[in-house]
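Peer 1: Residue numbers (the working numbering): 1 to 835. All residues carry an ideal CB built from backbone N, CA and C; glycine is no exception. Remember, it's a predicted structure, so these values are computed and weren't measured experimentally. One structure, pasted below without further comment.
So, in structure tokens, the structure goes:
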């Protein structure tokens, strides 16, 4: 920059102004790339100017320079580099002087130059090659000063590859990353995510946007490198080699680049100290690979992509972690529509195709390419092809693109043997998520070791973290893991792993059932778990209930896995072990029916009549709760026949008791009383107090139906006393509801409300969602009768929310009632259930 002040010329280079009179006699011998002949002549023309004039000119020029110099624009954002920041050469010189505790005057003595000469260089004068060489020798800089001086005046690098065409989505993540890079002192942006998620694409789009039409945040250029962290064909890039490439790009002659990685990193940091560059480190393998490449300069932005979380990087530097995973459904459809063409996607089920691709960007692009390559074939054909899980990864490939399977392989082959074994064995677990303890049983390793392995797999995004300290697969990754376990584990090892996993669920469920209902006579006699399987234990019913709720969606998958491997005893015993949880109706009734139906098939396949009787009694109860009364009655009758034939007195009593519950539901009071009285005799004979109390309240229901209210209340009190003695909160809650119903029938609504409030407390202690909903609904009705409509509505709304959770059909009538429609609540919603 040249400024004329009062007829004199002042030269401003970098961020410091100097008069042309500051030029050294050796200007003609300086590094030729920095000076032209005209520069030297102008310098010598002003060589004899008075020093006082120089000081005045410098002061005026500096003011002019700072006022009029246009900052690097980023939408009005000022430069993060100070206006008078020294050049990289001077900055490194001062660092070396401070390190050796030398002054500039002492440096002049050692280098053989007058102090005023070095002062000019310190204030912005470009040094001659001889000065640079002498300073480098004196300070033992190992060529660093020579390399830094050689880069001044170089054009900034522009290494960033072009962003992929047609990029859509990731708007939220890109906005966040741009905001981070726009700060006065930007953090490092670390993008991590699973293979095929589009991390590189996001980084490239970000790099172009921060230097796009909205303003250049990094006008001094961009450095880019693919670190080959995950590649079958190339080893990960070595930091010293990357630094060499970067230094050459920054203008350092190859001959001046030091040999060691530490020396190269120091030179690299010095060069970037006063610049504003964006550095993109793509596909990093580890923090160790990246750390030497971080400039630690206030004006530079750094973007790192990796398949693993770079915890070591975050420990040493300020890092903004951006996890890029599957796209949203809207983003996935936008990707498909843009690639296939709007016209061809009209009326097509793009959401189904996106779902089969797991909303993974790589899979979406491949699927879109396959559709686009065949203009006359509808999207639905590819949807049908990908619907078969065993063919899906084959279908997500084209001739000229990297298949999804191959991208997964790059990560898989980078695992240790123990990590790879855990990964593929998890392909046997087909549930939506799994715990550390379940994974430990599957692999036959201690929980501590399993936790470390899962953390490693999650760290490289082959697994995803799930709530409650659990893990899950991406859908396509699960298919890949299933392929690997089939290909690499022999049948015997697979079978042993399945036995350990299913045993873990069986014994954990049995322990949970005992915690929920310690008062119940358990019909199961379990063999010890497989070696390497350590089932869960539960301190109390609350801990057990929490475990059941978290694992609920896995039970059907585990039962199916055991059935597939012909572990028939495991299948039916697991279903029976779940009964004490399922009857609390905390989940949709289909879970009860589906698991027990599979158990029925297993019992029959094993030819085990004892098992068949218990399973069918549970299945009949499940169908009863779903309102399928005919199917329920068939199952109860068949179970009773089996129990009578094999002499299973305990099972016979429960089949009779269940038949009594069903008869109450259907309004057949005589049948209900007969079944209950028969069951009561057997329960008392074998000492099952839980069964005895259950049979008693069915007797009370029959009395209620015949309006024998005093007898009904007395019988209910007998039943309540037993439930209280054995600690059955759910039973107590049920009896209190039945007592409330008797009081309602007698017009004693205030007494009924008191019983209902006590019932709610008991049901909540038991964790019975359906029981709580039932109590709230009856409470709403009672409050309405008592003239408290607002309280009644709140109770009805709370009941509706709970009924909705368990998919109870009562939600339809309750919604209609709350809208003001005419609904017979007593007949449709508040009928007395047998249990």
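For my contact list, residue 762 and residue 733 are in at a C-beta cut-off of 8 Å; report their separation, rounded to the angstrom.
Peer 2: Position 762 of the chain shown, counted from the start, is the residue given in the question as residue 762. Position 733 of the chain shown, counted from the start, is the residue given in the question as residue 733. Confirmed, Cβ separation roughly 4 Å.
Peer 1: When the Cα atoms are used, what is the spatial distance from residue 96 to residue 135?
Peer 2: Along the chain shown, one-based indexing puts residue 96 at 96. Along the chain shown, one-based indexing puts residue 135 at 135. Approximately 10 Å between the Cα atoms of the pair.
Peer 1: With a threshold of 8 Å, are at least 3 pairs of Cβ atoms found where one atom belongs to the region 764-776 and the other to the region 728-747?
Peer 2: yes
Peer 1: For a minimum of 4 consecutive residues, which ranges assigned as the alpha helix (DSSP H) are wholly contained in the region 687-735?
Peer 2: Counting only unbroken stretches of 4 or more residues, the alpha helix (DSSP H) elements lying wholly within the region 687-735 are 689-705 and 709-726, in sequence order.
Peer 1: Verify whether the separation of the beta carbon atoms of residue 194 and residue 307 is less than 8 Å.
Peer 2: For the purposes of this step, residue 194 is taken as the residue at position 194 of the chain shown. For the purposes of this step, residue 307 is taken as the residue at position 307 of the chain shown. The answer is yes: Cβ separation under 8 Å.
Peer 1: Determine the extent of the alpha helix (DSSP H) in which residue 122 is found, giving its start and end residues.
Peer 2: In the chain shown, counting from the first residue as 1, residue 122 sits at position 122. It spans 115-122 - the alpha helix (DSSP H) in which residue 122 sits, taken as one unbroken run.
Peer 1: Name the residue from 318, 304 and 358 whose alpha carbon lies nearest to the alpha carbon of residue 330.
Peer 2: As a first step, residue 330 is located in the chain shown; it is residue number 330 there, counting from the start. Measuring from the Cα of residue 330, the nearest candidate turns out to be 358.
Peer 1: What separation, rounded to the nearest whole angstrom, lies between the Cα atoms of residue 767 and residue 551?
Peer 2: Here residue 767 is taken as the residue at index 767 of the chain shown, counted from 1. Here residue 551 is taken as the residue at index 551 of the chain shown, counted from 1. If you take the alpha carbons of residue 767 and residue 551, they lie about 16 Å apart.
Peer 1: Does DSSP put residue 81 in a helix, a strand or coil?
Peer 2: Translated into the one-based positions of the chain shown, residue 81 becomes position 81. Below a pLDDT of 50, predicted positions are generally treated as unreliable, and residue 81, at 43, falls in that range; no measurement from the model is reported.
Peer 1: Whole angstroms are fine: how far does the CA of residue 192 sit from the CA of residue 836?
Peer 2: The shown model of the chain, from 1 to 835, leaves out residue 836, and the question about it has no answer.
Peer 1: Compare the Cα-Cα distances from residue 268 to each of 234, 239 and 508 and report the closest residue.
Peer 2: If you number the chain shown from 1, residue 268 lands on position 268. For residue 268, the nearest C-alpha among the options comes from 239.
Peer 1: In this structure, what does DSSP give as the bridge partners for residue 301?
Peer 2: Position 301 of the chain shown, counted from the start, is the residue given in the question as residue 301. DSSP output for residue 301 lists 278 as bridge partner(s).
Peer 1: Check whether the Cβ atoms of residue 775 and residue 756 sit closer than 8 Å, and answer yes or no.
Peer 2: Position 775 of the chain shown, counting from 1, holds the residue named residue 775. Position 756 of the chain shown, counting from 1, holds the residue named residue 756. Yes, they are a contact pair.
Peer 1: To the nearest angstrom, how far is it from the Cα of residue 504 to the Cα of residue 497?
Peer 2: Working through the chain shown from its first residue, we reach residue 504 at position 504. Working through the chain shown from its first residue, we reach residue 497 at position 497. Residue 504 and residue 497: Cα-Cα distance of roughly 11 Å.
Peer 1: Rounding to the nearest angstrom, what Cα-Cα distance links residue 371 and residue 362 in this structure?
Peer 2: Translated into the one-based positions of the chain shown, residue 371 becomes position 371. Translated into the one-based positions of the chain shown, residue 362 becomes position 362. The alpha-carbon atoms of residue 371 and residue 362 are separated by roughly 14 Å.
Peer 1: Is the distance from the Cβ of residue 295 to the Cβ of residue 144 below 8 Å?
Peer 2: Mapped onto the chain shown, residue 295 falls at position 295. Mapped onto the chain shown, residue 144 falls at position 144. Their beta carbons are not under 8 Å apart, which means residue 295 does not touch residue 144 by this criterion.
Peer 1: May I have the straight-line CA-CA distance separating residue 122 from residue 275, to the nearest angstrom?
Peer 2: Position 122 of the chain shown, counted from the start, is the residue given in the question as residue 122. Position 275 of the chain shown, counted from the start, is the residue given in the question as residue 275. Roughly 18 Å between the two C-alpha positions.
Peer 1: Is it the case that the Cβ atoms of residue 510 and residue 524 are separated by a distance below 8 Å?
Peer 2: Start at 1 with the first residue of the chain shown, and residue 510 comes out as number 510. Start at 1 with the first residue of the chain shown, and residue 524 comes out as number 524. A contact, by the Cβ cut-off of 8 Å.
Peer 1: In terms of alpha-carbon separation, which member of 227, 147 and 745 lies closest to residue 248?
Peer 2: By 1-based counting over the chain shown, the position of residue 248 is 248. It is 147 whose Cα lies nearest to the Cα of residue 248.
Peer 1: For the region 610-618 against the region 637-644, do three or more pairs of beta-carbon atoms, one drawn from each stretch, fall closer than 8 Å, so that the two count as touching?
Peer 2: yes
Peer 1: Does the Cβ of residue 502 have 16 or more other Cβ atoms within 10 Å, making it buried, or fewer, making it exposed?
Peer 2: Locating residue 502 in the chain shown gives position 502, counting from the first residue. The residue in question, residue 502, is buried, as its Cβ has 16 or more Cβ neighbours within 10 Å.
Peer 1: Just to confirm, are residue 211 and residue 217 a CB contact at a threshold of 8 Å?
Peer 2: As a working note, residue 211 is residue 211 in the chain shown. As a working note, residue 217 is residue 217 in the chain shown. Contact: yes.
Peer 1: Indicate whether residue 141 and residue 170 have their beta-carbon atoms separated by less than 8 Å.
Peer 2: Indexing the chain shown from 1 puts residue 141 at position 141. Indexing the chain shown from 1 puts residue 170 at position 170. Result no, Cβ atoms of residue 141 and residue 170 do not sit closer than 8 Å.
Peer 1: Have a look at residue 30 and residue 328 and give me their C-alpha separation to the nearest angstrom.
Peer 2: In the chain shown, the residue the question calls residue 30 occupies position 30. In the chain shown, the residue the question calls residue 328 occupies position 328. Caution is warranted here: a pLDDT of 33 is assigned to residue 30, below 50, making its placement in the model unreliable, and no coordinate value can be reported.
Peer 1: Would you tell me roughly how many angstroms separate the C-alpha atoms of residue 160 and residue 447, rounded to the nearest one?
Peer 2: Start at 1 with the first residue of the chain shown, and residue 160 comes out as number 160. Start at 1 with the first residue of the chain shown, and residue 447 comes out as number 447. Our two residues, residue 160 and residue 447, have alpha carbons roughly 45 Å apart in a direct line.
Peer 1: I'd like the list of long-range same chain contacts for residue 595, defined as Cβ closer than 6 Å, with 5 residues on each side in sequence excluded.
Peer 2: Residue numbering aside, residue 595 sits at position 595 when the chain shown is read from its first letter. Closer than 6 Å at the Cβ level, and outside the excluded window around residue 595, lie 555, 556, 559 and 575.
Peer 1: Are the region 423-441 and the region 461-473 touching by the rule of at least three beta carbon pairs closer than 8 Å?
Peer 2: yes
Peer 1: Output the boundary residues of the beta strand (DSSP E) element that contains residue 321.
Peer 2: Locating residue 321 in the chain shown gives position 321, counting from the first residue. Counting along the chain, the beta strand (DSSP E) containing residue 321 begins and ends at 319-323.
Peer 1: Below 8 Å on the Cβ atoms is my guess for residue 622 versus residue 592; work out the distance and round it to an integer in Å.
Peer 2: Along the chain shown, one-based indexing puts residue 622 at 622. Along the chain shown, one-based indexing puts residue 592 at 592. Contact flag correct, Cβ pair sits at about 4 Å.
Peer 1: If residue 513 and residue 581 are in contact, beta carbons under 8 Å, what's the gap, nearest whole angstrom?
Peer 2: The residue you call residue 513 lines up with position 513 of the chain shown. The residue you call residue 581 lines up with position 581 of the chain shown. Right, their Cβ atoms sit about 7 Å apart.
Peer 1: Just how far apart, CA to CA, sit residue 419 and residue 454?
Peer 2: Stepping through the chain shown from its first residue, residue 419 is reached at position 419. Stepping through the chain shown from its first residue, residue 454 is reached at position 454. The straight-line gap from Cα to Cα measures roughly 8 Å.
Peer 1: What are the partner residues of residue 306, as DSSP defines its beta bridges?
Peer 2: Residue numbering aside, residue 306 sits at position 306 when the chain shown is read from its first letter. Per DSSP, 192 and 284.
Peer 1: Just how far apart, CA to CA, sit residue 532 and residue 435?
Peer 2: The residue given as residue 532 occupies position 532 in the chain shown. The residue given as residue 435 occupies position 435 in the chain shown. Cα to Cα, residue 532 sits roughly 16 Å from residue 435.
Peer 1: Tell me, please, which residues DSSP counts as bridged to residue 470.
Peer 2: To locate residue 470, count along the chain shown from 1; it is residue 470. DSSP, once it has assigned bridges, lists 466 as partnering residue 470.
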